[in-house]
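Peer 1: If you're matching positions, the first sequence starts at 56 in my numbering and goes up one per residue.
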Amino acid sequence: MEVYKVVYSPSELQEMIEHAQNSELLAYDTETTGLNVRKDKVIGFSISGKVGYGYYLPLFKWNGSELEPIWSMDVAEKVLNIIKSKKLIMHNASYDVRITKNSLNIDLLDSLYCDTILLKHACDEERPFGLKDIAKKIQHELGLDVSAEANKEQLDMIESIKANGGAVTKECYELFKADVDKIGIYACKDTDLTLRVFNYYSELLTKEGLDRFFYKDETMPLMKEVTIPMESRGVPVDVELLKAAQAEISVDIAEVERQIHELIEPHLGLFYDWYVGKELKQSTTGEFPQLLCEYADLDLPKTKAGRYSIAKKGVESLPDSEYKEFLLGNAWLSKEVVADIKSMWLKRLPEHPFNISSKHHLAKLFFDTLKEPPVTKTDKGNPQMNDLFLDSVKDKYEFVPLIRVYNKLNKLKSAYIDRFLERQEDGIFYPSYNQHRTISGRYGSDLQQLNRPYESAEGVHPAVYKYTNMVRKFFISGDDHAFIDADYVSLEPFVFSHVSNDNGLKAIFLNGHDFYSTVAIATEGLEGLSADKKADNYLGKVNKNLRQKAKAYSLGIPYGMEEYALGKTLNIPQSEAKRLINQYLNAYPELKKWMERSNEMCVTQGYVKSEAGRIRHFPKAPKIWYSHGKDILDSLKLWSKYHERPKLYQQMKFLRKEVKNSLNNAKNFQIQSLAASITNRACIAINRELKRLKIDGYVCAQVHDQIITRVPEEHAERCRKIVQYLMENTYKISLPLSAPAEIGKDFYEAH
DNA sequence: CGGGCGAGCGCC
DNA sequence: AAAGGGCGCTCGCCCG
């Protein structure tokens with residue numbers, strides 16, 4: 056039985072301290088008032104140094120109206136300083152380290168030894184990564200019965216929060232309102248679990264030969280020296296520019312909206328009928344019951360938004376009436392009532408019921424009212440409303456191009472203006488950087504999708520051009536600082552030329568030629584053209600189109616792209632696409648062999664390893680391969696063999712997809728993952744060097760093959776050289792990497 | 001009303 | 001018959 060203790064008395068405190076002192080490794084977890092590490096407070100923390108044990112030091116308790124101190128900050132500090140002298144294990148360490156520093160003023164970063172999310176990720180890259188989810192997944196190995204207990208501690212706590220009047224929604228999870236005992240036991244359970252998960256995966260890590268990769272070369276150093284500093288310091292944003300952009304784009308959107316409504320009006324006849332019918336169908340959800348409540352003046356509580364709350368409880372307490380029976384779902388309303396409500400509603404229809412950003416509305420209008428044929432269907436077989444369709448009717452309806460403008464402007468506003476304005480804190484945006492969200496070891500981040508600026512305004516709607524090219528200007532280096540921005544030149548092509556060890560591919564880079572042009576020339580057997588950027592007959596200059604084509608397949612083909620997809624992207628017949636693929640692979644025979652070796656590794660050993668050491672597992676592929684052999688990949692064979700037995704056929708198709716995906720992923724992983732390691736290790740090296748030189752600079756953003764470092768302006772030029780050198784030389788491959796670095800004051804200039 | 005999800009589109 | 005990889009965010013819609 057577990058020993059979980061909530062520390063109240065001095066003797067219990069002594070016990071906790073001794074437990075910490077006697078442990079070499081300590082799992083550590085904070086309980087807090089919320090998820091914002093800068094605004095929220097630590098209300099207590101737990102430790103476990105031994106499986107089955109846990110101690111929680113409560114610092115605050117909820118007394119019904121406010122948080123009341125329990126143990127003083129001096130005691131917290133004393134205990135934390137002991138904890139700090141140990142090797143710490145945390146689940147999602149960035150969060151606990153940052154909130155401990157901000158709220159309790161103790162920096163545990165140097166003591167961080169292992170993040171169990173990352174440990175699990177190194178051994179098992181598949182989701183989920185929540186502590187409880189992991190525990191559940193490996194409960195047999197841990198000797199636990201997590202599901203039988205059904206997370207008792209968590210359920211107890213949620214109940215306790217509710218009982219004390221707290222909210223438990225995702226947006227507003229008021230854990231701090233639970234009883235201290237409940238929080239404490241929950242916290243102890245967490246650190247105990249963290250320790251068990253650590254023990255379990257530590258063994259696996261060693262077995263897989265990943266200790267060095269994890270502790271020394273990449274994972275934990277990246278977490279401690281890059282990820283946590285990057286998330287802590289954030290990126291300054293130009294709040295005034297954001298505010299101005301928000302105001303201006305709203306006006307522009309309103310104007311486009313006005314134009315669309317004006318042009319669309321004559322087409323709306325049938326749509327209007329549909330809308331009126333749909334919106335007013337007798338239903339206990341949506342608009343209808345709202346109107347009914349108003350019509351019948353029902354005494355129901357209202358929500359914050361001023362709408363009636365149609366909860367069962369409230370309805371049941373109403374006096375008996377036909378309305379009550381309807382709302383309870385027992386009877387329909389009389390025709391007269393429905394007619395009254397309808398006329399009530401018609402009088403207050405929105406001026407423009409047509410919602411331009413609703414695909415549903417657009418689909419109704421185009422496919423039903425205007426009888427336009429869809430271009431594509433969704434996976435579920437419904438007519439698809441997308442940009443491809445809108446493109447197909449853009450010449451027929453004047454408002455169609457405006458719809459695209461409207462959608463783009465709205466996307467720009469919500470995703471790239473409103474979001475950053477809402478989330479910035481005192482002029483700093485704090486991005487998330489997750490090391491475990493991608494299988495390849497790339498970062499998963501919410502700051503990696505900033506629009507690329509247009510190179511010219513030609514053919515672009517002026518408003519779309521204006522705001523698209525503004526997005527990167529929101530991110531600024533701030534007073535006395537500058538950005539050093541460096542992108543690797545064609546990182547993935549460099550890496551896969553290196554990995555495949557194809558001399559033809561490698562020669563391209565060794566000669567300093569343009570990759571895509573060379574591939575185009577070799578694949579298509581072009582004569583009289585050069586891949587030398589300085590030559591008069593440089594393909595990129597003479598025939599941009601052919602170079603562009605090569606861009607589509609030179610990376611796609613090694614990742615398993617087939618003639619269908621290639622034909623589609625290039626808009627050429629499949630036969631032509633097939634010819635290109637064959638010629639490409641024949642032009643680079645070692646690449647072809649590497650692809651075959653990758654396939655082999657995937658289906659025989661069930662995993663592949665990047666050169667840098669990261670592993671991706673394909674547990675199912677070898678089993679399927681062993682049972683079915685290579686025929687499993689042949690769709691036509693599968694069809695002829697199994698189509699008369701539909702259920703079995705579905706299963707076989709599923710297996711086929713599984714193997715096919717594994718084979719493609721095995722190839723992609725080795726490239727993408729090595730590229731990620733190259734960038735990640737450069738980030739570590741940059742931060743180390745800046746620290747060594749006592750320059751207050753740091754990697755403040757990373758976008759897969761791009762690193763943006765923020766440095767004091769006075770050191771900008773020196774740092775520019777350092778960044779470039781370290782990107783090009785930290786992780787060496789058999790080709791000379793190139794990462795020209797530039798100085799800029801914002802993300803736009805830096806680009 | 002909140003949570004989950006598909007579709008679409010942003011990036012490499 | 002099925003036909004390249006890795007993500008995150010927003011929207012509308014649907015459901016409980």
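Every residue, glycine too, gets a C-beta built ideally from N, C-alpha and C.
With a cut-off of 8 Å on the beta carbons, I'd call S609 and F570 a contact; round off their distance for me.
Peer 2: Yes, they are in contact, since the Cβ atoms of S609 and F570 sit about 7 Å apart, within 8 Å.
Peer 1: In the region 432-509, which residue ranges form an unbroken beta strand (DSSP E) of at least 3 residues, counting only runs that do not cross its ends?
Peer 2: Qualifying beta strand (DSSP E) stretches: none in this window.
Peer 1: Can you give me the Cβ contacts of D245 inside the same chain, cut-off strictly under 7 Å, excluding the 5 residues immediately before and after it?
Peer 2: Closer than 7 Å at the Cβ level, and outside the excluded window around D245, lie D84, S101 and L186.
Peer 1: Just reading off the alpha helix (DSSP H) that F184 is part of, what are its end residues?
Peer 2: Segment: none, F184 is in no alpha helix (DSSP H) and carries neither H nor E.
Peer 1: Mind checking L718: buried by the 16 CB within 10 Å criterion, or exposed?
Peer 2: Result: buried.
Peer 1: Look up E617 in the DSSP assignment and say whether it is helix, strand or coil.
Peer 2: Correct three-state label for E617: coil.
Peer 1: To the nearest angstrom, how far is it from the Cα of V663 to the Cα of A730?
Peer 2: Cα-Cα distance, rounded: 15 Å.
Peer 1: Between M212 and E391, what straight-line distance do the alpha-carbon atoms span, to the nearest angstrom?
Peer 2: One C-alpha to the other measures close to 50 Å.
Peer 1: Rounding to the nearest angstrom, what Cα-Cα distance links V658 and L625 in this structure?
Peer 2: Approximately 31 Å between the Cα atoms of the pair.
Peer 1: Tell me which residues share the same chain as K449 and place their Cβ nearer than 6 Å to its Cβ, disregarding the 5 neighbours each side in the sequence.
Peer 2: Same-chain partners within the cutoff: V455 and P456.
Peer 1: How big is the Cα-Cα spacing for E208 and C243?
Peer 2: Using only the alpha carbons, I get a separation of about 10 Å.
Peer 1: Can you tell me which of E768, E772 and Y461 puts its alpha carbon nearest to the alpha carbon of V311?
Peer 2: Comparing Cα positions, the closest option is Y461.
Peer 1: Take every Cβ of the region 103-117, pair it with every Cβ of the region 68-80, and state whether three or more of those distances are shorter than 8 Å.
Peer 2: With the cut-off at 8 Å, the region 103-117 and the region 68-80 touch.
Peer 1: Which runs of the alpha helix (DSSP H) spanning at least 4 residues fall entirely within the region 274-345, listed in chain order?
Peer 2: Correct list: 274-277, 283-288, 294-319 and 324-334.
Peer 1: Alpha helix (DSSP H) containing E391: first to last residue?
Peer 2: Per DSSP, E391 belongs to the alpha helix (DSSP H) from K390 to K402.
Peer 1: Which stretch, first to last residue, makes up the alpha helix (DSSP H) that contains N738?
Peer 2: The identity of residue 738 in the sequence shown is Cys, whereas the question assumes Asn. First-last of the alpha helix (DSSP H) with C738: P701 to R747.
Peer 1: Which term fits S732, buried or exposed, when burial requires 16 or more other beta carbons within 10 angstroms of its beta carbon?
Peer 2: It counts as buried.
Peer 1: Can you give the Cα-Cα distance for K692 and G622, rounded to whole angstroms?
Peer 2: Each residue's alpha carbon lies about 23 Å from the other.
Peer 1: Do you know whose CA, among T424, Y111, K787 and D200, lies nearest L325's CA?
Peer 2: With distances taken between Cα atoms, L325 lies closest to T424.
Peer 1: Once the 5 residues before and after H536 are set aside, which same chain residues still bring their CB inside 7 Å of it?
Peer 2: Excluding positions up to five away in sequence, the list reads R765, V766, P767 and E768.
Peer 1: When DSSP builds the beta bridges, which residues end up paired with E797?
Peer 2: BP columns for E797 point to D540.
Peer 1: Are Y614 and N723 close, meaning C-beta to C-beta below 7 Å?
Peer 2: For Y614 and N723, yes; Cβs fall inside 7 Å.
Peer 1: Going by the beta-carbon positions, is the gap between Y471 and V526 smaller than 7 Å?
Peer 2: For Y471 and V526, yes; Cβs fall inside 7 Å.
Peer 1: Between the C-alpha atoms of K96 and Y150, what's the straight-line distance to the nearest angstrom?
Peer 2: Rounded to whole angstroms, K96 to Y150 spans 12 Å at the Cα level.
Peer 1: I want to check one thing, is the minimum distance from the CB of N556 to the heavy atoms of the ligand COA below 6 Å?
Peer 2: As presented, the structure is devoid of all ligands, the ligand COA included, so that no description of it is given.
Peer 1: Is the CB-CB distance between A796 and V778 below 7 Å?
Peer 2: Yes, they are a contact pair.
Peer 1: Counting Cβ pairs, one atom from each stretch, are 3 or more of them under 8 Å apart for the region 739-750 and the region 771-789?
Peer 2: Segments in contact, yes.
Peer 1: What residues are listed by DSSP as bridge partners for R765?
Peer 2: Answer is F538 and Y753, bridged to R765.
Peer 1: Among residues of its own chain, excluding the 5 on either side of L199, which ones have a beta-carbon nearer than 7 Å to its beta-carbon?
Peer 2: Around L199: A190.
Peer 1: Could you pull out every unbroken beta strand (DSSP E) segment of at least 3 residues lying fully inside the region 96-157, listed in chain order?
Peer 2: Fully enclosed beta strand (DSSP E) runs of 3 or longer: 97-103, 108-113, 115-117, 122-124 and 142-145.
Peer 1: Quick one: Cα of N566 to Cα of A177, how far?
Peer 2: So the two alpha carbons sit approximately 37 Å from each other.
Peer 1: Which residues bound the alpha helix (DSSP H) around C243?
Peer 2: First-last of the alpha helix (DSSP H) with C243: V235 to K262.
Peer 1: Just confirm the distance between the C-beta atoms of K133 and E79, as a whole number of angstroms; I'd bet it's less than 8 Å.
Peer 2: Contact flag wrong, Cβ pair sits at about 20 Å.
Peer 1: Output the distance between the C-alpha atoms of L355 and A218, rounded to the nearest integer angstrom.
Peer 2: Distance between the alpha carbons of L355 and A218: 24 Å.
Peer 1: Starting from V519, trace the beta strand (DSSP E) in both directions and tell me its first and last residue.
Peer 2: Per DSSP, V519 belongs to no beta strand (DSSP E); it is in the alpha helix (DSSP H), P517 to T523.
Peer 1: Comparing C-alpha positions only, which one of D760, Y704, T155 and G496 sits nearest to M275?
Peer 2: When each option's Cα is compared against that of M275, the closest is G496.
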